[in-house]
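The numbering of the sequence shown is the working numbering, which starts it at -7 and goes up by one.
Note that beta-carbon positions come from the ideal geometry of N, C-alpha and C, so glycine has one too.
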Amino acid sequence: MGDDSAWEGDSLLQSEKEFHDAAKRNDTARMEELIRRGVDIKAKNNAERTALHWAAGAGSVDAVRLLLDHDVPVDDEDSVQSHSPLHVLQMCLFGMNALLLSAWFGHLRVLQILVNAGAKINRVNRNGRNLLHCAAQRGHIQVMEFIMEDLEDMCVDETDKMDKTAFHLAAEYGQLEVVEFLIRLGCSHSAKDKEENTALHLAAKNGHLSVLEKIIDVGVDFDEKNSEGLTALHLAADGGHSHCVKLLVEVGADVNAQTQKKMNCLHYAALHGYEEIARILMDAGIHTDTLNHQNASAMHIAVLQNFPAMVKLFISAECDLDIPDNRQQTSLHIAAEHGRQDIAEMILIAGVNLKLTDKQGKTSLDVAARGNHIILVDMIIKADRFYKWKKDNLNSDSGSWVAKHLTFKQDHRRETQHIRSVMWRLATKYLKPGEWKKLAHYWKFTDDHIRAIEQQWTGIKKLPRFDK
-7 MGDDSAWEGD SLLQSEKEFH DAAKRNDTAR MEELIRRGVD IKAKNNAERT ALHWAAGAGS
53 VDAVRLLLDH DVPVDDEDSV QSHSPLHVLQ MCLFGMNALL LSAWFGHLRV LQILVNAGAK
113 INRVNRNGRN LLHCAAQRGH IQVMEFIMED LEDMCVDETD KMDKTAFHLA AEYGQLEVVE
173 FLIRLGCSHS AKDKEENTAL HLAAKNGHLS VLEKIIDVGV DFDEKNSEGL TALHLAADGG
233 HSHCVKLLVE VGADVNAQTQ KKMNCLHYAA LHGYEEIARI LMDAGIHTDT LNHQNASAMH
293 IAVLQNFPAM VKLFISAECD LDIPDNRQQT SLHIAAEHGR QDIAEMILIA GVNLKLTDKQ
353 GKTSLDVAAR GNHIILVDMI IKADRFYKWK KDNLNSDSGS WVAKHLTFKQ DHRRETQHIR
413 SVMWRLATKY LKPGEWKKLA HYWKFTDDHI RAIEQQWTGI KKLPRFDK
């Protein structure tokens, strides 16, 4: 056990603290000296721990024997106060007696001594976890062998308060040897916890490939769903465990399974930007345009989460860029709303319907203008004008050449700097108020273009410098 003296508080006398420390160190000479001085061998700290807790957790065999010889209570439980450090809470060390601590830390000899001293073997901690659960979670196979072979009335499928068996915990924490041992004992492979997760779900969720392989080998339903409708493949994808995703795909898991919120695995890959997982799923034939409960595709999610590489991957896979979500927003609407310039350019180059409107009747250009995303407004207008020009002037054979050199971002090239400076001076020094609209109409800007430009420049606002 670690040094938790910092949170023991002032509940112990100095001699009692020394006694606890000596028990932890297995220093029986110091313990006997303190006993002769009249130390309270049953003294508890703020966490209700006695010297026996420390000795059992540290594997101090001689100290445990000495304490038992002085008739210390063997089944006393510790507790964790609200001020307990995080690492203690994470280890679930609350409601733990000496026997459970010996199982948790894998001290077989101490466990055997405590059993022989009459410790109650069916006691559980406040999570409802017994000896077998503690040993399974921590991977102590020798302790588990003793528990199952030498102790009576130990059920291999006993559940804790979350309905988790030892098999669940071994799978969740990646304890392969324990998983193999429990399978040999004939444990239930398909038992579900309170969230209806099987051991397969938990192994996939936590990325334990070797455990996942072993569970698959014994024969389980790959597409079993938990209470939220997630399969093991969903959980592997959500956790970013590409090796587990690949394995589940290879053994035939349903890549198009959907959760209660209609999420498929690609939605989860898009949510976190897991490109490798997205590729595995698309190679396996996942439906790229599946819509979730918000009518969002994986593309919508990738744009919202700002993963340009993922967007590029979906564009290469020819995902539908014009699908509207429950706000009637396309991927470009979302990019425009959030000012995602790189993503917007990729979508514009791929080609989309710029006339589509959201629930408020706004096009992506309107949305960019409303958000004062000046560069995006410029990009969308350029794209709109370019595709009209292309339609009127270019044949189909020249399209691929144009696409390779296409950009809608601001022009910073040296060879165009002079004309940009001329246009800037014209706009800011020579045109009278309102005359720029006449010029815009002459150059065949649409009313929507002009309205969007005007929204960026009203009153005394400064024009963005496009001439630099």
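Using only the alpha-carbon positions, how far apart do residue i and residue j sit?
{"i": "threonine 420", "j": "glutamate 427", "result": "11 Å"}
{"i": "valine 148", "j": "serine 308", "result": "51 Å"}
{"i": "glycine 451", "j": "histidine 365", "result": "The predicted model places glycine 451 with a pLDDT of 40, which falls under 50 and marks its position as unreliable; any figure quoted below should be read in that light. Cα-Cα distance, rounded: 18 Å."}
{"i": "histidine 62", "j": "valine 56", "result": "10 Å"}
{"i": "isoleucine 445", "j": "lysine 254", "result": "40 Å"}
{"i": "lysine 186", "j": "valine 170", "result": "22 Å"}
{"i": "tryptophan 381", "j": "alanine 342", "result": "16 Å"}
{"i": "valine 53", "j": "alanine 47", "result": "7 Å"}
{"i": "glycine 131", "j": "arginine 101", "result": "16 Å"}
{"i": "arginine 271", "j": "aspartate 358", "result": "34 Å"}
{"i": "histidine 226", "j": "isoleucine 175", "result": "25 Å"}
{"i": "valine 369", "j": "glutamine 333", "result": "10 Å"}
{"i": "arginine 28", "j": "aspartate 70", "result": "26 Å"}
{"i": "cysteine 84", "j": "asparagine 117", "result": "At cysteine 84, the pLDDT of 48 sits below 50, so the modelled position is not reliable; the number obtained from the coordinates is stated separately. C-alpha separation (whole angstroms): 8 Å."}
{"i": "lysine 460", "j": "glycine 363", "result": "Bear in mind that a pLDDT of 45 at lysine 460, under 50, signals an unreliable position, so the number given afterwards is only what the model happens to contain. Taking the straight line from one Cα to the other gives about 23 Å."}
{"i": "isoleucine 315", "j": "lysine 347", "result": "13 Å"}
{"i": "asparagine 256", "j": "glutamine 320", "result": "21 Å"}
{"i": "lysine 374", "j": "glycine 277", "result": "36 Å"}
{"i": "leucine 418", "j": "aspartate 384", "result": "29 Å"}
{"i": "glutamine 134", "j": "glutamate 172", "result": "13 Å"}
{"i": "glutamate 329", "j": "threonine 408", "result": "30 Å"}
{"i": "leucine 58", "j": "valine 212", "result": "49 Å"}
{"i": "alanine 195", "j": "alanine 162", "result": "9 Å"}
{"i": "alanine 95", "j": "asparagine 248", "result": "42 Å"}
{"i": "serine 74", "j": "isoleucine 208", "result": "Unreliable positioning characterises serine 74 in this predicted model, as indicated by a pLDDT of 47, which lies under 50. The coordinate reading is nonetheless provided below. Cα to Cα, the separation comes out at about 41 Å."}
{"i": "threonine 399", "j": "tyrosine 266", "result": "27 Å"}
{"i": "arginine 405", "j": "histidine 397", "result": "14 Å"}
{"i": "aspartate 403", "j": "arginine 377", "result": "16 Å"}
{"i": "glycine 143", "j": "isoleucine 113", "result": "Looking at the sequence itself, residue 143 is leucine, so the reference to glycine does not match. Spanning the two alpha carbons is a distance of roughly 8 Å."}
{"i": "asparagine 108", "j": "phenylalanine 86", "result": "24 Å"}
{"i": "glutamate 137", "j": "alanine 43", "result": "27 Å"}
{"i": "glutamine 352", "j": "methionine 291", "result": "21 Å"}
{"i": "leucine 106", "j": "alanine 90", "result": "8 Å"}
{"i": "histidine 410", "j": "aspartate 312", "result": "40 Å"}
{"i": "serine 234", "j": "lysine 217", "result": "20 Å"}
{"i": "isoleucine 326", "j": "methionine 338", "result": "13 Å"}
{"i": "lysine 424", "j": "alanine 432", "result": "14 Å"}
{"i": "glutamine 448", "j": "lysine 238", "result": "49 Å"}
{"i": "tryptophan 393", "j": "methionine 274", "result": "Its pLDDT being 46, under 50, tryptophan 393 is placed unreliably in this model, and the coordinates cannot settle the point."}
{"i": "valine 80", "j": "arginine 41", "result": "Here valine 80 scores only 48 on pLDDT, less than 50, and its place in the model is too uncertain to base an answer on."}
Can you round the beta-carbon distance between residue i and residue j to whole angstroms, since I take them to be within the 8 Å contact cut?
{"i": "aspartate 317", "j": "asparagine 287", "result": "5 Å"}
{"i": "threonine 190", "j": "glutamate 220", "result": "Wrong, their Cβ atoms sit about 14 Å apart, outside the cutoff."}
{"i": "leucine 23", "j": "alanine 35", "result": "Before going further, note that residue 23 is methionine rather than leucine in the sequence given. The pair is not a contact, with the Cβ atoms about 13 Å apart (cut-off 8 Å)."}
{"i": "valine 66", "j": "alanine 111", "result": "5 Å"}
{"i": "glutamate 8", "j": "aspartate 32", "result": "6 Å"}
{"i": "lysine 206", "j": "glycine 231", "result": "The pair is not a contact, with the Cβ atoms about 18 Å apart (cut-off 8 Å)."}
{"i": "alanine 229", "j": "isoleucine 269", "result": "5 Å"}
{"i": "methionine 140", "j": "methionine 146", "result": "6 Å"}
{"i": "serine 289", "j": "leucine 283", "result": "6 Å"}
{"i": "glycine 93", "j": "arginine 115", "result": "The sequence given here places leucine at residue 93; glycine does not occur at that position. Actually they are not in contact, since the Cβ atoms of leucine 93 and arginine 115 sit about 11 Å apart, beyond 8 Å."}
{"i": "histidine 200", "j": "glycine 166", "result": "4 Å"}
{"i": "leucine 340", "j": "isoleucine 372", "result": "7 Å"}
{"i": "phenylalanine 306", "j": "threonine 280", "result": "7 Å"}
{"i": "asparagine 119", "j": "glutamate 150", "result": "With 8 Å as the limit, asparagine 119 and glutamate 150 do not qualify as a contact, their Cβ atoms being about 13 Å apart."}
{"i": "phenylalanine 97", "j": "glycine 49", "result": "5 Å"}
Quick one: which unbroken alpha helix (DSSP H) runs of 4-plus residues sit fully inside the region 141 to 227? Chain order, please. 158 to 164, 168 to 176, 191 to 197, 201 to 210
Any contact between the region 408 to 424 and the region 435 to 445? By contact I mean 3 or more CB pairs, one from each, below 8 Å. no
Length-filtered (4 minimum) alpha helix (DSSP H) runs lying within the region 396 to 452: 409 to 417, 427 to 434, 439 to 448
Closer than 8 Å is the cut-off here; do at least three beta carbon pairs connect the region 175 to 195 with the region 146 to 164? yes
Are three or more beta carbon pairs between the region 252 to 272 and the region 288 to 302 nearer than 8 Å? yes
Ordered list of alpha helix (DSSP H) runs contained in the region 313 to 390, each at least 4 residues: 323 to 330, 333 to 342, 356 to 362, 366 to 385
Where in the region 44 to 75 do unbroken runs of the alpha helix (DSSP H), each at least 4 residues long, occur, reported from the N-terminal end onward? 53 to 61
Length at least 4, wholly inside the region 240 to 302: the alpha helix (DSSP H) runs in chain order: 257 to 264, 267 to 275, 290 to 296
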